[in-house]
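This report concerns only the one structure given below.
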Amino acid sequence: MAQTKKKKYLYEVDLMRVLFIAGVLLNHTTTAFKNNVGTGSGSELFLEATHLMLHFTRMGFMFMTGLVLVLNYYNKEPHWFNFWKKRYISVGIPYIGWNAILMWFATITAGVALNWPDYFKNLFDAIIHGNKYYMYYILVTFQLYLIFPLLVYMFKKLKNHHVAILVGSALIQLLLVIGIKYWLPGVDRNSWWYLFRAYGMNILVYQFYFVAGAFVAIHYDEVDRFIEKNHRVIGWSTLVLALGTVALFFGNLKILKLSMGATESIHQPYIFIYDTFMIAFVFWIGRQYAHARETTFPHWLDKIIKNMSKVSFGIYLTQTIPITLLYGILSVIKLPSYVMLLLLPVGYVFVLGGAFLISWFCYKVPPFGALIGRPQWHLSKARKEVKGVKENVENNKSIKQTIRE
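Take 56 as the starting number for the sequence shown in our numbering and just add one per residue.
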């Protein structure tokens with residue numbers, strides 16, 4: 056009988072997940088500290104000027120979503136209704152659940168009495184718009200699930216033109232971010248459909264990262280060889296582009312006279328190029344980890360990476376709780392701005408550690424795994440199997456007893 060070939064486990068994906076989610080939380084932690092240092096201080100300027108360096112993390116998450124989905128489904132028989140059912144349920148439960156929990160948490164921590172009609176009205180609004188508690192990513196992911204069969208069909212139908220698909224997607228992405236930065240601010244969007252008015256929720260502005268993830272998944276070995284061969288160029292270019300984000304910040308602010316929001320927007324041509332190089336470099340780092348863990352990589356660190364990767368989605372979902380607590384703590388601390396800046400690593404450990412502990416609790420304690428996309432259905436299945444074995448044993452005993460009689 057032919058044996059099914061076991062799919063190779065990609066340990067680099069674990070590290071990439073960890074690096075991107077760690078970067079997301081660092082991004083949000085620095086924002087908390089920026090809002091609690093002295094206005095006009097050197098510490099505030101430092102946090103503002105370096106903030107764009109961390110903006111690759113959102114796009115990295117989008118890339119990882121495309122990569123993992125295509126790795127899992129590209130070579131399978133297409134049962135898309137089952138795909139939609141599984142994905143919308145496994146991600147929809149955390150989406151609705153954490154919107155409800157975090158809205159309750161935000162109300163309680165604000166010291167406001169719960170008004171249930173208003174609560175459910177606001178909850179419904181948050182669910183359909185995805186504009187609270189960093190849930191925009193999930194709303195974008197829902198859109199990806201909907202069109203994912205078309206993405207797979209495109210790559211399979213145009214199997215000899217994958218590079219052209221990637222290049223075309225990159226050009227479209229470049230035109231989109233140019234339009235968003237230089238044309239869109241002067242346009243009245245009040246009458247536009249929500250997903251175009253709030254373009255940060257629209258899958259179109261992230262399309263390249265999903266396409267790039269799909270391309271890498273399909274041509275994994277070729278991409279790996281290319282990045283390994285050119286990793287020095289990629290690495291140094293990433294460093295230069297990262298430092299260049301500081302120049303971009305001052306150029307936006309002083310020369311183009313943009314608002315702070317527009318200055319630090321992730322939807323800029325320069326940031327698109329920087330994100331692309333950073334994602335490639337993080338991929339290379341992940342591959343080095345995959346090689347090193349086979350030889351000299353510390354076992355304890357490998358275990359941390361593995362565990363954080365398991366609950367990375369949960370960390371993303373639960374980050375609002377430690378971040379909200381951090382805002383509350385910082386608001387009552389009166390320290391010089393430079394001392395507050397020095398405390399940033401402590402605040403970051405608090406946020407990352409807090410989100411991890413909440414997620415790990417959900418991962419380990421049924422039925423809360425459903426809240427982080429990892430339901431413990433296997434436990435109920437195991438109980439049924441054990442029950443079935445016991446019933447078989449009892450039936451066999453009964454049969455033997457009948458035969459004796």
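Glycine included, every Cβ here is placed at the ideal spot set by N, Cα and C.
Extent of the continuous alpha helix (DSSP H) to which residue i belongs
i    : result
E349 : Note, E349: premise wrong, no alpha helix (DSSP H); not H, not E.
H286 : H286 to F305
E103 : G97 to T105
L70  : Y66 to K89
G409 : L399 to K419
L194 : Y191 to K212
T375 : T375 to V387
K62  : Counting along the chain, K62 falls outside any alpha helix (DSSP H), and DSSP gives it neither H nor E.
T94  : From DSSP, T94 is part of no alpha helix (DSSP H); its letter is neither H nor E.
R252 : Y249 to R252
D357 : H354 to K365
Y128 : F111 to Y128
D180 : W171 to H184
Y3   : The structure shown does not extend to residue 3, since the chain is modelled only from 56 to 460, so the question has no answer here.
L229 : H217 to Y237
M315 : M315 to T318
V271 : Q262 to I273
Inter-residue spacing [alpha-carbon to alpha-carbon] between residue i and residue j
i    : j    : result
G223 : V266 : 10 Å
F175 : A347 : 50 Å
M108 : M190 : 22 Å
L157 : K284 : 46 Å
S320 : G234 : 13 Å
D276 : S246 : 47 Å
Y418 : I310 : 49 Å
G78  : E349 : 26 Å
Exposure of residue i, with buried meaning 16 or more beta-carbon neighbours within 10 Å
i    : result
V406 : buried
I144 : exposed
K62  : exposed
G97  : exposed
F338 : buried
I273 : buried
Y208 : exposed
H354 : exposed
I427 : buried
W153 : buried
H322 : buried
A437 : With a pLDDT of 47 at A437, under the threshold of 50, the modelled position of this residue cannot be trusted, and the question is left open.
A87  : buried
D330 : buried
D69  : buried
M315 : exposed
R113 : buried
N91  : buried
ask   = Is it true that the stretch 73-91 meets the stretch 376-383, where meeting means three or more beta-carbon pairs spaced less than 8 Å apart?
value = yes
query = Counting Cβ pairs closer than 8 Å, one from the stretch 413-421 and one from the stretch 359-376, do we hit at least three?
reply = yes
query = Between the stretch 102-118 and the stretch 301-309, do at least 3 Cβ pairs fall closer than 8 Å?
reply = Yes, they touch.
request  = Inspect the CB distances between the stretch 121-134 and the stretch 393-401 and report whether three or more fall short of 8 Å.
outcome  = no
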